[in-house]
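Accompanying notes for the structure given below.
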Amino acid sequence: MSEAAGLRAARIYVAGHRGMVGSAIVRRLEAVGCTNLILPAREALDLTEHDQVRGFFQKERPEYVFLAAARVGGIYANSHYPADFIHANLAIATNVIQCAHAAGTSRLLFLGSSCIYPRLAPQPMPEECLLTGPLEPTNEPYAIAKIAGIKLCESFNRQHGTDFRSVMPTNLYGPEDNFDLQTSHVLPAMLRKFHEAKQAGAGSVEVWGTGTPRREFLHVNDLAEACLFVMTLPRERYASATLPTRSHLNVGTGTDVSIGELAELVREVVGFKGEIRFNADYPDGAPRKLLDVARLTGLGWCASMALKQGVASTYAWYLRHRA
Ligand code: GFB
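Note that the working numbering has the sequence shown beginning at 616, numbered continuously upward.
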């Protein structure tokens, strides 16, 4: 059976299936003909509770697991709730990975984040610069939990011969994103701020920081496609593509923009005519985060959604569902 046919026939659990990333993975799985999806109600399973997770895995015995569940947020949320970020993400990773192994899951894909790399990593950041320098302080607790997730997968593979893989996505955006101005990431925050300023006839919009940090933005539908691509790579192919560590693969677009350029783009898409004001009292965070995506492109996958098109379609989604 081909890898794709194997996935279609399998019992698949998408952890975090109600979030932006998990719901995009579910849409993609359904689009390629996967019908055997295990999607428990949020109230029925708390992934930070080991006994609940063990009971769920023993009962459902998923063959494939996409581990997209996480406590996530932007620079403000990461800085203000560090205990929640490290605790919830460590608990989710240890519970799901250990219980998947105990229940005989054949393949698992753990989703991390580009903030696992050192604050001053070489740009673009290759997979092998993991653990080569200090992390960005605004999200160190979250990054440590994500690094632990990678190392859990790597260690279970080494000790138990499992086939647990990891992908590190760059900054994501798209439908089902969080548009709360305190806890969201920059792109949904800007869509909402510019939209509300336009509606109110305001003269300016405040953007946090200096506008000089650079970020790479990947549409969540592209990420979902990449996740299925990596999940269905033959085992030896994944192993050789991730040498020497055999630990993880970056997922990004290969291009970045400054926060100032992003603000201009969002202003244009929303149609706001006023000014952009940068407030340097807010932190900038990492000066630049651009992933080196050579390994994934070498395997045959690259992102297809242009940033302007992705921002426009996300704005349309926001208008329909959240405005
Ligand atoms: O998206 P963001 O919160 O996360 O911020 P990070 C990116 C940049 O946008 C920072 C600026 O320089 C912010 O100061 N920014 C400007 C804004 N205006 C706004 C705004 O209204 N809201 C927000 N949120 N930012 C996160 C990490 O870092 O990235 C997480 O904290 C995770 O751990 C995530 O890795 C992908 O890119 O700085």
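Beta carbons: idealized from backbone N, C-alpha and C, even for Gly.
task = Enumerate, from N- to C-terminal direction, the unbroken beta strand (DSSP E) stretches of 3 or more residues contained entirely within the segment 823-864.
result = 832-834
ask   = Which residues have their C-beta within less than 5 Å of a heavy atom of ligand 1, listed in chain order?
value = G689, I690, N693, S728, C730, N754, Y757, N786, H800, V801, A804, V822, W823, G824, P828, I874, D899 and G900
task = Have a look at T777 and E618 and give me their C-alpha separation to the nearest angstrom.
result = For the purposes of this step, residue 777 is taken as the residue at position 162 of the sequence shown. For the purposes of this step, residue 618 is taken as the residue at position 3 of the sequence shown. So the two alpha carbons sit approximately 17 Å from each other.
request  = Taking only the alpha-carbon atoms, compute the straight-line gap between S638 and R626 and give it to the nearest angstrom.
outcome  = What you label residue 638 is simply residue 23 of the sequence shown in a count that begins at 1. What you label residue 626 is simply residue 11 of the sequence shown in a count that begins at 1. Taking the straight line joining both Cα atoms gives about 17 Å.
message = Here's the rule: buried if 16 or more other CB atoms are within 10 angstroms of the residue's CB, otherwise exposed. What is P737?
response = Working through the sequence shown from its first residue, we reach residue 737 at position 122. P737 is exposed by the Cβ-count criterion.
task = Kindly indicate the opening and closing residues of the alpha helix (DSSP H) around Y691.
result = For the purposes of this step, residue 691 is identified with residue 76 of the sequence shown, where counting begins at 1. Where Y691 is concerned, the enclosing alpha helix (DSSP H) stretches over I690 to H695.
message = Assuming the contact rule is C-beta atoms closer than 8 Å, V801 and L833 should be a hit. Round their C-beta distance to whole Å, please.
response = As a position in the sequence shown, residue 801 is number 186, starting the count at 1. As a position in the sequence shown, residue 833 is number 218, starting the count at 1. About 14 Å separates the two Cβ atoms, so there is no contact after all.
request  = Give the straight-line distance between the Cα atoms of A817 and A878, rounded to the nearest whole angstrom.
outcome  = Along the sequence shown, read from residue 1 onward, the residue named residue 817 stands at position 202. Along the sequence shown, read from residue 1 onward, the residue named residue 878 stands at position 263. When rounded, the distance between both Cα atoms is 16 Å.
query = So N754 is in the alpha helix (DSSP H); what residue range does that whole segment cover?
reply = Along the sequence shown, read from residue 1 onward, the residue named residue 754 stands at position 139. From DSSP, N754 is part of no alpha helix (DSSP H); its letter is neither H nor E.
request  = Would you kindly work out how many angstroms separate the C-alpha atoms of T747 and Q814, rounded to a whole number?
outcome  = Translated into the one-based positions of the sequence shown, residue 747 becomes position 132. Translated into the one-based positions of the sequence shown, residue 814 becomes position 199. Spanning the two alpha carbons is a distance of roughly 47 Å.
message = Just to confirm before moving on: does the CB-CB distance between T868 and E840 stay below 8 Å?
response = Along the sequence shown, read from residue 1 onward, the residue named residue 868 stands at position 253. Along the sequence shown, read from residue 1 onward, the residue named residue 840 stands at position 225. No, Cβ-Cβ distance for T868 and E840 is not below 8 Å.
inquiry  = Restricting to Cα atoms, I'd like to know which of E751, P828, F779 and P756 is closest to A715.
reply    = Position 100 of the sequence shown holds residue 715. Comparing Cα-Cα distances from A715 to each of E751, P828, F779 and P756, the minimum goes to F779.
request  = Report the three-state DSSP secondary structure of L802 (helix, strand or coil).
outcome  = Along the sequence shown, read from residue 1 onward, the residue named residue 802 stands at position 187. Here L802 sits in helix by DSSP.
key: 8 Å contact criterion, which N704 and A718 should meet: CB distance rounded   = If you number the sequence shown from 1, residue 704 lands on position 89. If you number the sequence shown from 1, residue 718 lands on position 103. That pair is no contact at about 21 Å.
key: Host beta strand (DSSP E) of E664 (start-end)   = Within the sequence shown, residue 664 is the residue found at index 49, counting from 1. Run containing E664: none; DSSP gives neither H nor E here.
message = Alpha carbons only, please: which of S728, E851, G900 and L654 is nearest the one belonging to P828?
response = Here residue 828 refers to the residue found at position 213 of the sequence shown. Of S728, E851, G900 and L654, the residue nearest in Cα terms is G900.
query = In angstroms, rounded to a whole number, what distance separates the CA positions of V668 and N651?
reply = Start at 1 with the first residue of the sequence shown, and residue 668 comes out as number 53. Start at 1 with the first residue of the sequence shown, and residue 651 comes out as number 36. Looking at the two C-alpha atoms, the distance is approximately 19 Å.
key: Of the listed residues I765, A630, V782 and V680, nearest to L622 (C-alpha basis)   = Here residue 622 corresponds to residue number 7 of the sequence shown, with the count starting at 1. Among I765, A630, V782 and V680, the Cα nearest to that of L622 is on V680.
task = With a cut-off of 8 Å on the beta carbons, I'd call A683 and A630 a contact; round off their distance for me.
result = Position 68 of the sequence shown, counting from 1, holds the residue named residue 683. Position 15 of the sequence shown, counting from 1, holds the residue named residue 630. Right, their Cβ atoms sit about 6 Å apart.
message = Can you tell me which residues form a DSSP beta bridge with I874?
response = Working through the sequence shown from its first residue, we reach residue 874 at position 259. According to DSSP, which records beta bridges pairwise, I874 is partnered with nothing at all.
message = Please classify S729 as buried or exposed, where buried requires at least 16 neighbouring CB atoms within 10 angstroms.
response = Residue mapping note: residue 729 aligns to position 114 of the sequence shown, counting from 1. S729 comes out buried.
ask   = How is the beta strand (DSSP E) around I627 delimited, first residue to last?
value = For this step, residue 627 is matched to residue 12 along the sequence shown. I627 to A630 is the extent of the beta strand (DSSP E) around I627.
inquiry  = Check whether the segment 902-917 and the segment 755-766 are in contact - that is, three or more C-beta pairs closer than 8 Å.
reply    = no
ask   = Under a Cβ-count criterion, where at least 16 other Cβ atoms within 10 Å of its own Cβ denotes burial, should S855 be classed as buried or exposed?
value = On the sequence shown, residue 855 is found 240 positions in, with the first residue counted as 1. By the 10 Å Cβ count, S855 comes out exposed.
query = Is the beta carbon of C744 sitting closer than 8 Å to the one on Y732?
reply = Residue mapping note: residue 744 aligns to position 129 of the sequence shown, counting from 1. Residue mapping note: residue 732 aligns to position 117 of the sequence shown, counting from 1. Yes, the Cβ-Cβ distance between C744 and Y732 is below 8 Å.
ask   = So, P677 versus T720, is the Cβ gap smaller than 8 Å?
value = The sequence position of residue 677 within the sequence shown is 62, counting from 1. The sequence position of residue 720 within the sequence shown is 105, counting from 1. Cβ atoms of P677 and T720: closer than 8 Å.
query = Distance, Cα to Cα, F700 vs Q797?
reply = Counting from one through the sequence shown, the residue named residue 700 turns up at place 85. Counting from one through the sequence shown, the residue named residue 797 turns up at place 182. Computed Cα separation, rounded: 15 Å.
ask   = Just reading off the beta strand (DSSP E) that E645 is part of, what are its end residues?
value = Within the sequence shown, the letter at position 30 stands for residue 645. No beta strand (DSSP E) holds E645; the alpha helix (DSSP H) holding it covers M635 to A646.
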